[in-house]
Every structure is written in C-alpha cells, then in structure tokens.
Ligand code: GDP
C-alpha cells in the first residue's frame with residue numbers, strides 16, 4: 001500500500017516517442033471558455049452622485065443608461081443590472097451592482113449591512129447550486145461579486161467613519177479596490193498627501209484591500225508597481241473633446257481640460273489596465289478560491305460538517321452524515337425523554353392540585369353536612385316543641401269548648417226559668 005502511494009505521489013517521467021496531440025489542451029480550454037463566455041460582477045459602493053455610473057460607463061466605453069438615484073432613499077438598496085458585451089469574439093456578461101442611497105440617511109449606522117447581505121446572498125445561491133444533486137454549474141449565472149470599487153470622496157482630509165466601517169466589514173467577503181472619486185477636484189500635491197493618508201489609515205485599521213498579484217512573472221512587475229499607486233485617483237466622463245487633432249474623453253472647465261485617459265491627469269488608465277486587461281481573471285479566481293471558500297467553509301462548519309474528527313482523523317462526508325444523524329437522533333431522544341418527564345411531572349402536579357381541590361371540597365361538604373344536620377336537629381326539636389304546644393293547645397281548647405258549652409247550657413236553663421216566671425206573673 002505504501003509502495004503504491006509512493007508511485008502515485010512521484011509518477012515516473014517518461015520521454016514520448018512522438019507527437020500525440022495533448023499540447024492543444026490550452027487551446028481547447030481557450031476555445032471552450034470563448035464559447036461559454038465570461039461573467040464579471042462589479043459592486044460600486046459610494047455615496048449618491050460621487051460618480052459611480054459615470055466611471056463604469058467610461059471604463060466599458062458604453063452608455064449603460066443607469067437611472068439617476070435620488071438622495072432621499074430611506075435605506076440603502078442594491079440595484080443589479082446585467083449587460084451582454086462583446087469585444088472581438090469574447091462575450092462578457094457584465095453585472096453592475098449599485099448601492100442606491102448609500103450615505104444619504106441621517107443615521108448611517110447600518111448602511112453597510114444591506115451590502116454584506118447582498119454579497120452573502122450571492123455566495124449562498126452558488127453554494128445551494130453546488131450542493132444540489134443535479135447541478136448545472138456550467139451554465140449557472142454566477143452572481144458572486146468579483147470586485148468592489150469603493151469610491152472615496154476627494155475631501156483631502158481622511159477616511160470617513162462610514163467608509164472605514166464599510167470597508168472593514170467587506171474586506172473578508174470581496175476584493176476591494178479603493179478609488180478617490182472626482183480626482184479632478186483636488187490639487188496634485190493634496191492628492192498625493194491624501195493617498196498616503198488613506199493608505200496609512202487602511203493599514204492602521206487592518207482593512208485588507210485587494211493587492212494585484214505578483215506571483216506570475218509576466219505581470220509581477222506591473223502589478224507590483226500598481227500596488228504602490230493605490231488608491232487610484234479617477235476621473236470619469238463620456239464627453240469627447242477635441243485635443244490637438246484627436247477626440248479624447250475629458251471634462252472641460254473654464255480654466256482647462258481634464259483628460260480621463262491622460263496618466264498625468266488621473267489614474268483612470270491604470271485602473272482600466274489593472275481591472276480589465278490584467279487582473280480580471282485573478283479577481284474571478286480570488287472570489288472563488290478565497291472569499292467564496294471562506295463563506296462555504298463557515299457555512300458547512302455551521303451545518304456540522306468537518307474534514308477531521310475529534311482525534312484529528314480524516315472524516316468522510318458519509319461519516320459526518322452518520323455522526324450528524326446519530327447526534328440528531330440522540331438529541332431527539334433526549335428531547336422526547338425530557339418531554340415525557342415533563343409531561344409526567346405536569347400530570348403529577350395536576351393530580352396533586354386536583355386531589356387537594358377534592359380534599360377541600362370533601363371537607364366543605366362534611367362541614368355543610370354537619371351544619372345541615374345540626375339545623376335539622378334544631379328544626380326537629382322546634383317541631384317537637386311546637387307539636388307539644390299544639391297538643392297542649394288542643395287540650396286547652398277542648399277544655400275550653402267543654403266549659404263554654406256547659407256554661408252556655410247552664411245559662412240557657414236559667415233564662416228559661418226566668419221567662420216561665422215572667423209568664424206566670426203576667427197571667
Ligand atoms: P452616481 O450617483 O455615483 O452614479 O454619480 P453619477 O455618475 O451619476 O455622477 C454624478 C455627477 O457627478 C454627474 O454630474 C457627473 O457628471 C459628475 N461626475 C462624474 N464623474 C465625475 C468626475 O470624475 N469629476 C467630476 N468633477 N464630476 C464627475
């Protein structure tokens with residue numbers, strides 16, 4: 001087994017006897033990618049009117065017809081618009097996400113939250129697609145944000161708290177390229193100082209901005225040099241103005257012309273070069289390999305998945321699933337047992353309450369019964385007395401009646417005697 005692993009880890013290098021054709025693999029890859037087309041998603045963060053839409057139009061040399069945002073939005077909202085662009089035979093599905101209402105509210109405390117939620121939602125959608133049994137990632141519209149262009153107002157002072165907090169909370173989720181917007185409104189010497197101040201503030205506060213990669217020798221030199229120019233000071237304009245004998249994109253002022261593509265005037269060309277021509281693929285790769293990977297790892301860990309077990313042993317998905325299922329059943333049984341015990345306890349409590357109530361009722365009943373009996377006995381006694389009185393009364397009445405009739409009779413015979421006497425006298 002060890003020998004087999006050794007072979008796998010160190011394959012033997014052989015010399016081929018002739019051409020077989022796999023040297024065309026890079027071309028096949030290019031052809032496939034061209035057929036499929038590319039997608040690139042840009043998030044523009046910055047206050048309303050700072051020049052986000054103008055810069056995107058200028059960058060892609062297209063009028064995207066972005067609606068003008070009002071300054072009276074009650075909260076920050078993210079508006080995504082997708083466009084299909086083509087340059088030669090390369091098709092690009094470009095999504096521009098604008099932060100509508102950013103910095104317009106009096107209370108800006110939670111202004112960054114909708115941005116974080118939006119970025120996470122796109123990661124979540126991708127993760128859900130990846131976790132599906134039947135995945136369609138090859139034609140899935142990847143909406144994950146590849147770059148965040150962060151527009152800083154050209155105040156010449158320092159970073160505003162809102163910018164600092166927002167960048168800090170976004171830096172682990174997206175590649176941030178900070179830009180000094182409307183750089184034509186700040187003088188050359190002030191701009192240099194401002195750039196240095198901003199960079200030192202970002203470093204002091206531990207804000208990780210995107211660094212152009214220096215590991216590829218073809219781009220290392222230019223990328224390394226460009227890292228030293230961050231944050232780029234940009235000017236945007238779709239107006240074409242004649243300078244000499246050619247038309248250039250510029251902003252015209254009473255005192256002169258600011259040429260967008262003139263490197264002495266601003267860093268617009270540097271930005272376009274770095275963002276589109278040199279590092280677009282790296283931004284896409286970093287999004288997938290760094291930011292999405294972090295989101296995915298945290299999410300899967302949250303769901304209970306892990307690569308290694310308690311003793312640092314590798315854990316397969318099946319084992320994790322079994323362990324999770326076991327844990328779930330254990331937890332369910334524990335909950336069931338808990339509920340049963342709670343039920344028995346409740347029944348006992350209820351029974352005790354009912355028994356107590358029954359006991360109280362019984363005592364009340366006994367008490368009432370006793371009172372009732374006492375009342376009855378009293379009544380019986382009263383009745384007996386009444387009956388005796390009634391008998392005595394009846395006796396008295398009978399005696400009285402007898403006496404009355406006797407006296408009446410006696411009175412009757414004496415009246416008759418008187419009458420007879422009167423009649424005798426009269427005669
Ligand atoms: P958004 O709300 O951030 O998308 O800002 P817009 O792109 O709509 O620009 C708002 C205003 O700023 C418009 O009048 C633009 O012409 C102007 N603007 C845009 N870019 C620049 C710039 O680089 N310099 C100056 N001075 N003005 C600019």
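Residue numbers (my numbering): 1 to 427.
C-beta: ideal position from N, C-alpha, C; glycine also.
On a predicted model such as this, the values are computed, not experimentally measured, just so you know.
Would you mind stating whether residue 267 and residue 289 have Cβ atoms separated by less than 7 Å? The Cβ-Cβ distance between residue 267 and residue 289 does not fall below 7 Å.
Could you give the C-beta distance for residue 122 and residue 144, rounded to a whole number, given that I count them as a contact under 8 Å? Separation of the CB atoms of residue 122 and residue 144 is rounded to 5 Å, and the pair is thereby assigned contact status at 8 Å.
Residue 478: first and last residue of the uninterrupted beta strand (DSSP E) it sits in: Since the first residue of the chain shown is 1 and the last is 427, residue 478 is not available in this structure.
Less than 6 Å between the CB of residue 182 and some heavy atom of the ligand GDP, yes or no? For residue 182, the shortest C-beta to heavy atom distance toward the ligand GDP is below 6 Å.
List the endpoints of the continuous alpha helix (DSSP H) containing residue 44. Residue 44 -> not in any alpha helix (DSSP H); beta strand (DSSP E) instead, spanning 38-45.
Where residue 126 sits in the DSSP three-state scheme: Residue 126: helix per DSSP, three-state reduction.
Closest to residue 436 by CA distance: which of 229, 228 and 260 is it? Outside the shown range of the chain (1 to 427) lies residue 436, about which nothing can therefore be said.
Does residue 433 come out as helix, strand or coil in the three-state DSSP assignment? Absent from the model: residue 433. The displayed extent of the chain is 1 to 427, so no value can be given.
If residue 151 and residue 45 are in contact, beta carbons under 8 Å, what's the gap, nearest whole angstrom? 7 Å between Cβ atoms; contact.
Residue 330 to residue 356 span [Cα, whole Å]: Taking the straight line from one Cα to the other gives about 38 Å.
Considering only the alpha carbon of each residue, which of 365, 170, 347 and 14 lies closest to residue 207? Taking only the C-alpha atoms, the option nearest residue 207 is 170.
What residue does the alpha helix (DSSP H) around residue 82 start on, and which one ends it? Annotation: residue 82 is outside any alpha helix (DSSP H); the continuous beta strand (DSSP E) that includes it extends over 77-87.
Buried or exposed by the 16-neighbour rule on C-beta atoms within 10 Å, applied to residue 161: Within a 10 Å sphere around the beta-carbon of residue 161 sit fewer than 16 other beta-carbons, which makes this residue exposed.
Is the beta carbon of residue 33 within less than 6 Å of some heavy atom of the ligand GDP? Here the distance from the Cβ of residue 33 to the nearest heavy atom of the ligand GDP is not below 6 Å.
Best match in 175, 198, 231 and 309 for proximity to residue 287 [C-alpha to C-alpha]: Nearest of 175, 198, 231 and 309 to residue 287, Cα basis: 175.
Grouping DSSP H, G and I as helix and E and B as strand, with all else coil, what is residue 9? Judged by DSSP in its simplified three-state form, residue 9 adopts helix.
At which residues does the beta strand (DSSP E) containing residue 151 begin and terminate? Its beta strand (DSSP E) spans residues 147-152.
Exposed or buried, what is residue 393 when buried is set at 16 or more other beta-carbons lying within 10 Å of its beta-carbon? Classified as exposed, residue 393 has fewer than 16 neighbouring CB atoms from the shown chains inside 10 Å of its CB.
Do residue 235 and residue 258 have their C-beta atoms closer together than 7 Å? Cβ atoms of residue 235 and residue 258: closer than 7 Å.
Using CA coordinates, which residue listed in 217, 205, 154 and 277 is at the minimum distance from residue 194? Of 217, 205, 154 and 277, the residue nearest in Cα terms is 154.
Sub-7 Å separation of residue 29 and residue 97 beta-carbons: No; because the gap between Cβ atoms is not below 7 Å, this pair is not in contact.
Anyone know if the C-beta pair for residue 78 and residue 118 falls short of 7 Å? Here residue 78 is near residue 118, since their CB atoms are less than 7 Å apart.
Can you tell me whether residue 245 is buried or exposed? The criterion is at least 16 other CB atoms within 10 Å of its CB, across all chains shown. Exposed, because fewer than 16 other Cβ atoms sit within 10 Å of the Cβ of residue 245.
Inter-residue Cα distance where the pair is residue 311 and residue 297: C-alpha of residue 311 to C-alpha of residue 297: approximately 20 Å in a straight line.
With DSSP as the reference, label residue 110 as helix, strand or coil. In this structure, residue 110 counts as coil in the three-state DSSP scheme.
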